[in-house]
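Counting from 22, one number per residue, gives the positions in the sequence shown under my numbering. Okay, structure first, notes after.
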Amino acid sequence: MSSAWGDYIKISIFGESHGEGIGVVLDNLPAGEEIDMEAVLHQMARRAPGRDRSSTPRKESDTPRILSGFLQGKTTGAPLCAVIENTNTRSADYANLTVLPRPGHSDYPGFVRYGGFNDVRGGGHFSGRLTAPLTFAGAVCRQILLRRGIHIGGHVYAIAGVEDTPFDMVNVSAQQLDALSEIYFPLNNSEKETAMREKIEQARLSLDSVGGLVEIAAVGVPAGIGSPMFYGVENVLSSIMYGVPAVKGIEFGIGFGAAQLRGSQDNDPYEIKDGQVRTKTNNCGGVLGGITTGMPIVVRAVVKPTSSIAQQQDTVDLQKGVNAKLSVHGRHDPCIVPRAVPVLESAMAIGLMNLLAERGKL
Ligand SMILES: Cc1cc2nc3c(=O)[nH]c(=O)nc-3n(C[C@H](O)[C@H](O)[C@H](O)COP(=O)(O)O)c2cc1C
């Protein structure tokens, strides 16, 4: 597996869902950065399962134990290592998945790739649980970014076709993003929560699942960050965001919507505002030529419906070489979109730290 990422601020994520524990090593952080661990725990709680019926009943304390890199409330500059114990495992739920791979999950390609030696219990290293250490790392990084005037936040943009109000890509504010990052089910229009929850509940009752879209924004990132062709903002951010399990598509600004427009509609005209170069629209999502324009960076990610569903599906018996049927049991979210928000915010934070470090701006 390759679970190490980053050219400047490097993260390495280890562990398997039902092993002894999971964790992260975060290397090359600036020394002397004050980190509020309560705020880190709050971000991890937003990601944690078992908060309501839309989420898996697996409850874990998810409390990270910091082994190195942090002393008297500040980073020391040594690798920051945090370990989270696995305490609530029910491996029996996964006993048959080595033989009967779940449609939509990593069981079959993982079996081929690792010759059957990978740990499939609880999804092993492919589990959504591995996003807990990612969220820890991102929550640390976003505090460092905050000190440099960069605010990150996101919302559930859509679940099963029910849409929230999208970000105003020109005027999204630091206060708006800060407020969203406090909430478990973050929405710009909180009235949409009931309809979204109804869709999730309907899916759960029919032994099914639903997916959706997450929209993440960052404000305060200066113009001129990113190095094309291959260290552009889009390259770096999508590279880490695709590391989040269940993410199947990413777009910046209006993204695929640009295909429908003329240049005169898609171009973001410039203006001088408050003595600064700004754009009147922000269809490009704050990135042109892989480089930040100084406008808000806006990214949308597709989070697919959870693959582990109790409904009977076709699969194969890898031992007998015959077709088979499978209903997945165990504790699975009928919708992981809300939990993916803090994870994607974290991925954005770690990505931005690397982009700033590359330009010597950290
Ligand atoms: C926070 C989070 C929780 C997840 N929980 C589950 C789950 O309970 N059941 C499941 O089948 N997949 C879950 N996933 C997604 C799978 O890990 C993922 O679909 C699988 O590894 C296959 O990878 P892919 O969908 O990226 O191709 C979760 C993902 C995230 C981000």
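Even for Gly, the Cβ is constructed at its ideal location relative to N, Cα and C. Just so you know, these numbers come straight off a predicted model, no measurement behind them.
query                                                                                                                       : result
Cα-Cα separation between THR186 and PRO326, rounded to whole angstroms                                                      : 21 Å
Where LEU92 falls, given that 16 or more other Cβ within 10 Å makes a residue buried                                        : exposed
Residues that DSSP places opposite GLU106 in a beta bridge                                                                  : GLY42
Own chain, CB closer than 6 Å to PRO78, minus 5 neighbours either side, in chain order                                      : Low per-residue confidence applies at PRO78: pLDDT is 49, beneath 50, and the placement is therefore not dependable, though the value from the model is reported in the following sentence. Contacts found: GLY71, ARG352.
At least 3 beta-carbon pairs within less than 8 Å: the stretch 120-135 vs the stretch 95-105                                : no
heavy atom of ligand 1 below 8 Å from VAL268 C-beta                                                                         : yes
Other residues of its chain near SER148: CB distance less than 8 Å, five sequence neighbours each side excluded             : GLU37, SER38, PRO266
Alpha helix (DSSP H) runs wholly inside the stretch 107-166, at least 4 long, in chain order                                : 128-134
Residues near PRO51 by beta carbon distance below 8 Å, same chain, minus five either side                                   : THR96, GLY98, ILE165, LEU383
Cβ neighbours of GLY306 in the same chain (closer than 7 Å, five flanking residues each side left out)                      : MET190, PHE273, GLY274, ILE318, VAL319, VAL320
Buried versus exposed call for GLN64 [16 or more other C-beta atoms within 10 Å across all chains shown]                    : buried
Sequence-distant residues of the same chain with beta carbon closer than 8 Å to GLY42, five excluded per side               : GLY36, VAL104, ILE105, GLU106, ASN107
Beta-carbon contacts of TRP26 that lie in its chain and below 7 Å, excluding the five residues immediately before and after : ILE32, ILE261, GLY264
8 Å contact criterion, which THR156 and VAL364 should meet: CB distance rounded                                             : 6 Å
Spatial distance of ASP287 from GLY310 (CA atoms)                                                                           : 15 Å
Exposed unless 16 or more other CB atoms sit within 10 angstroms - verdict on ALA280                                        : exposed
Reduced DSSP category for SER23 - H, G, I as helix; E, B as strand; rest coil                                               : coil
Contact under 9 Å by Cβ, GLY182 with GLU236                                                                                 : no
Cβ neighbours of GLY384 in the same chain (closer than 6 Å, five flanking residues each side left out)                      : Because the chain is modelled from 22 through 383, residue 384 falls outside the range shown and cannot be assessed.
Nearest-angstrom Cα separation, counted from ASN117 out to ILE171                                                           : 46 Å
Own chain, CB closer than 6 Å to TYR129, minus 5 neighbours either side, in chain order                                     : PRO122
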